[in-house]
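Colleague:
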DNA sequence: ATACATGCAAACTTTTTGCGTCCCC
DNA sequence: GGGGACGCAAAAAGTTTGCATGTAT
């Protein structure tokens, strides 16, 4: 686990997120977890999600700049996001098999407007800085 | 053009964004535009960028939940985003040619952590609603 | 016992909005 | 001249943080 102490809050947050297939916002997840732990705070939800993201157990999805949505689905898969309501659905299968294929998305009932292939990494400047400051 | 009236502000915003290759934040673009139009407000920059996005002339890039960055580069191309500093660089070439190839990214000096293939569209529920309300 | 984690609320950052004025068509 | 666009500033939305308290180890 990505933390030093396993608390009730963290256990429940991860359980509930894994059960929700809908990639909820922090607020939606907080509402859901509150059914089991009524006094849990939104701050704890954010802190836990951040540590799960750093550990690679959760991905942040959604539109750049807009409210975050959280995905605890394992494995290599893509997403389809609704430009109107922000909803995000999963696409099965490895990323590089799908870039040119709209079929799976259309089967979900979406009209496809755009395909994006994006990489995430560490840029040269930040790599250098990290080497200097001690890796 | 995506607006009804062509003003000095809109002209300059689009010109400067096209000249900046760095995918600036709204604030950075505002600073830059202010050199030519000292009284322009940040609100106008946001309103103009929003209308350019709706018109398909600008793409929003960056990490969900973090500050937006704006891309006026034409054509089908992907992005590589630095997980540390948020910087975003362009990748040349059509989406489906890039999905499985880290070479171009590594040549820019990035360490690749993740590849994402994401679609953008309109979900079934929103399509229905739009048909009801009058297309 | 002792840190680490939590709840709470305040602070912060980024984006949106209301409104009176301005100026493009 | 009229209505869309602007500047300004306040508000909203979303996220982070400080601190006293609770609790897992």
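Chains as they are written, first to last, in the working numbering: chain A, 1 to 135; chain B, 136 to 270. Glycine included, every Cβ here is placed at the ideal spot set by N, Cα and C.
To the nearest angstrom, how far is it from the Cα of residue 88 (chain A) to the Cα of residue 155 (chain B)?
Modeller: 31 angstroms
Colleague: By Cβ distance below 8 angstroms, which residues in the same chain neighbour residue 82 (chain A) in space, the five residues on each side in sequence not counted?
Modeller: 88, 110
Colleague: Report yes or no: do the region 249-262 of chain B and the region 183-203 of chain B share at least 3 C-beta pairs separated by less than 8 angstroms?
Modeller: no
Colleague: Quick one, which of B:139, B:144, B:158, B:141 has its alpha-carbon nearest residue 214 (chain B)'s?
Modeller: B:158
Colleague: Whole alpha helix (DSSP H) runs in the region 175-241 of chain B with 4 or more residues, listed along the chain?
Modeller: Correct list: 177-189, 230-233.
Colleague: Along chain B, which residues have their Cβ under 9 angstroms away from the Cβ of residue 79 (chain A)?
Modeller: 251, 252, 253, 254
Colleague: For the region 189-200 of chain B, which residues have a beta carbon sitting closer than 7 angstroms to at least one beta carbon of chain A?
Modeller: For the region 189-200 of chain B, the residues whose beta carbon sits under 7 angstroms from a beta carbon of chain A are, in order, 195, 196, 197, 198, 199, 200.
Colleague: Give every residue of the same chain whose Cβ lies closer than 7 angstroms to the Cβ of residue 146 (chain A), excluding the five residues on either side of it in the sequence, and list them in chain order.
Modeller: Outside the shown range of chain A (1 to 135) lies residue 146 (chain A), about which nothing can therefore be said.
Colleague: Any beta-carbon of chain A closer than 8 angstroms to the one on residue 182 (chain B)?
Modeller: no
Colleague: Relative to the alpha-carbon of residue 46 (chain A), which residue among A:27, A:8, A:4 has its alpha-carbon at the smallest distance?
Modeller: Looking at the Cα atoms, A:27 is the closest of the given residues.
Colleague: With distance defined between alpha-carbon atoms, name the residue in B:219, B:248, B:208 nearest to residue 130 (chain A).
Modeller: B:219
Colleague: Kindly list the residues whose CB is nearer than 8 angstroms to the CB of residue 8 (chain A), restricted to its own chain and excluding five residues on each side of it in sequence; keep chain order.
Modeller: 37
Colleague: Quick one: which chain B residues come within Cβ less than 8 angstroms of residue 109 (chain A)?
Modeller: Neighbours of residue 109 (chain A) on chain B, chain order: 258, 259, 262.
Colleague: Three-state secondary structure (DSSP) at residue 249 (chain B)?
Modeller: strand
Colleague: Identify, in the order they occur along the chain, each residue of the same chain with its Cβ nearer than 8 angstroms to the Cβ of residue 193 (chain B), setting aside the five sequence neighbours on each side.
Modeller: 152, 184, 187, 205, 206, 207
Colleague: Within 8 angstroms of any Cβ in chain A, is that where the Cβ of residue 202 (chain B) sits?
Modeller: Interface residue (Cβ-Cβ distance to chain A less than 8 angstroms): residue 202 (chain B) is classified as such.
Colleague: With a cut-off of 8 angstroms, does the C-beta of residue 248 (chain B) fall near any C-beta of chain A?
Modeller: Closer than 8 angstroms: yes.
Colleague: Taking the C-alpha atoms as reference points, what is the distance between residue 160 (chain B) and residue 112 (chain A)?
Modeller: In this structure, the alpha-carbon of residue 160 (chain B) lies about 27 angstroms from that of residue 112 (chain A).
Colleague: Any idea if residue 115 (chain A) is buried or exposed, counting beta-carbon neighbours within 10 angstroms, 16 or more meaning buried?
Modeller: buried
Colleague: Measure the C-alpha to C-alpha separation of residue 128 (chain A) and residue 229 (chain B) and round it to an integer number of angstroms.
Modeller: 30 angstroms
Colleague: Which term fits residue 170 (chain B), buried or exposed, when burial requires 16 or more other beta carbons within 10 angstroms of its beta carbon?
Modeller: exposed
Colleague: Leaving out five residues on either side along the sequence, give the residues of the same chain with a beta carbon under 7 angstroms from the beta carbon of residue 138 (chain B).
Modeller: 145, 186
Colleague: I'd like to confirm the pairing. Which residues does DSSP put opposite residue 109 (chain A) in its beta bridges?
Modeller: BP columns for residue 109 (chain A) are empty, so no partner.
Colleague: Tell me which residue opens and which closes the alpha helix (DSSP H) that residue 126 (chain A) is part of.
Modeller: 124-132
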